[in-house]
Ligand SMILES: [Zn+2]
């Protein structure tokens, strides 16, 4: 994944002696040789078994005479022979009996590049954004390869299968707040702009989801998750909240579902929708917060002359739940259950109007029932009932 030029650049920049001194004391032991106690977590070294030396070509090497790592003879070696350069050192240090994760070769390159602020670049793309995108792409692949069984089990429970996991390049990684599921944030060209990561098990002190920080390539105010799978043949764009809403709708062939990932709908989103020239359909939770968010979003779009449709989801369900329930009928459900802009905006008014009317009806009912006594013939009854229904909206009094 990285060019050999890039790896050489890191090797040249790193003084292995200084790097290893962060883990153990090293003292000169001859020309260009230093020695000290082995820094490996599993090696309780009482004698100085560990050596670092500078080769004639100015490259560095290391070896532990106790662990026999870094030496060519690897017979009876407890650990994999990673080699004897700086990358090997990082991998070897992560490979111990209490290790939660052993770094891959690629990860060891990334760790050192980050530590020494060496910008990522392949040979022809040498600007900062390209470098960030490449770094994110590699991270996404690494996280995906590292996907733990616990995470997979969680994803299966949410209704995903292995195909979905690969399609969205879902992975997992250890963060300060514990293990998180990682979702690469793709732009319309499928560049990885950053990540959304979700805690696997609930922890009170940390947010369930965190998104990458703003950067040259990731701007959360204009980001829509799922935008890379936009289908031109569908003239609507369905807007929802979370990653699972998008992934599961897409799994069941509901097209053009995107999510703002916990960010309120912004003016930047409005200009994207305008540019795409598609009818927005909001599929947000029916709870108060969801309705409030929908109201604000549709008003923002209306200011630009774009009138959305609104699909209010059944109680306590998000779009992901509904997708798992309706499966391939989700598309039809959204079409059949979407309110037009005016219906949504007047929904509360018409509710209030109806309740006031009912109040009035109840006030007048005793009087109406009283005069109904005067109605006797069949013809009179028809005229009376028609009058009451037309005038007061009350059916069949007598
Ligand atoms: Zn050792």
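In full-length UniProt numbering, the protein residues as written are 1 to 398.
Quick reminder that beta carbons are idealized off the backbone N, C-alpha and C, glycines included.
Bear in mind that the values here come from a model prediction, so they are computed numbers and not experimental data.
Nearest Cα to residue 168 within the set 155, 282, 175: 155.
No Cβ-Cβ contact shorter than 8 Å links residue 37 with residue 28.
Here the alpha carbon of residue 280 sits roughly 14 Å from the alpha carbon of residue 267. The bridge partners DSSP lists for residue 179 are 174. Counting other Cβ atoms within 10 Å of its Cβ, residue 275 stays below 16 and is therefore classed as exposed. DSSP, read as helix, strand or coil, puts residue 196 in strand. Here the alpha carbons of residue 157 and residue 188 stand approximately 29 Å from one another. As computed with DSSP, residue 36 is found in a beta bridge with 50. Rounded to the nearest angstrom, the gap between the Cα atoms of residue 255 and residue 64 is 57 Å. Distances taken from the Cβ of residue 49 to the heavy atoms of ligand 1 include one shorter than 7 Å. For residue 66, the distance from the CB to the nearest heavy atom of ligand 1 is below 7 Å. Nearest Cα to residue 258 within the set 306, 223, 298, 305: 223.
If you ignore the 5 residues before and after residue 327, its C-beta comes within less than 6 Å of the C-beta of 252, all in its own chain and listed in chain order. Listed in chain order, the non-local C-beta contacts of residue 53 below 8 Å within the same chain comprise 32, 33, 34, 60, 61, 62, local neighbours out to five positions each way being set aside. For residue 372, the uninterrupted alpha helix (DSSP H) run begins and ends at 341-372, by DSSP. Take residue 195, set aside five residues on each side of it, and the residues of its chain with a beta-carbon closer than 7 Å to its own are 182, 183, 184, 185, 212, in chain order. Using a cutoff of 7 Å, the CB of residue 38 counts as near ligand 1, since one of the ligand's heavy atoms is closer than that. The C-beta separation of residue 293 from residue 301 comes to about 13 Å, leaving the pair out of contact by the 8 Å criterion. Around the beta carbon of residue 103, 16 or more other beta carbons sit within 10 angstroms, so the residue counts as buried. As the crow flies, the alpha-carbon of residue 304 is around 22 Å from that of residue 219. About 5 Å separates the CB atoms of residue 134 and residue 120; that is less than 8 Å, so the two are in contact. Between the alpha carbons of residue 202 and residue 319 lies a gap of roughly 21 Å. Following the DSSP letters along the chain, one finds residue 380 inside the alpha helix (DSSP H) bounded by residues 378-392. One alpha carbon belongs to residue 17, the other to residue 26, and they sit about 8 Å apart. The residue from 51, 4, 42, 245 with its alpha-carbon nearest to that of residue 20 is 51.
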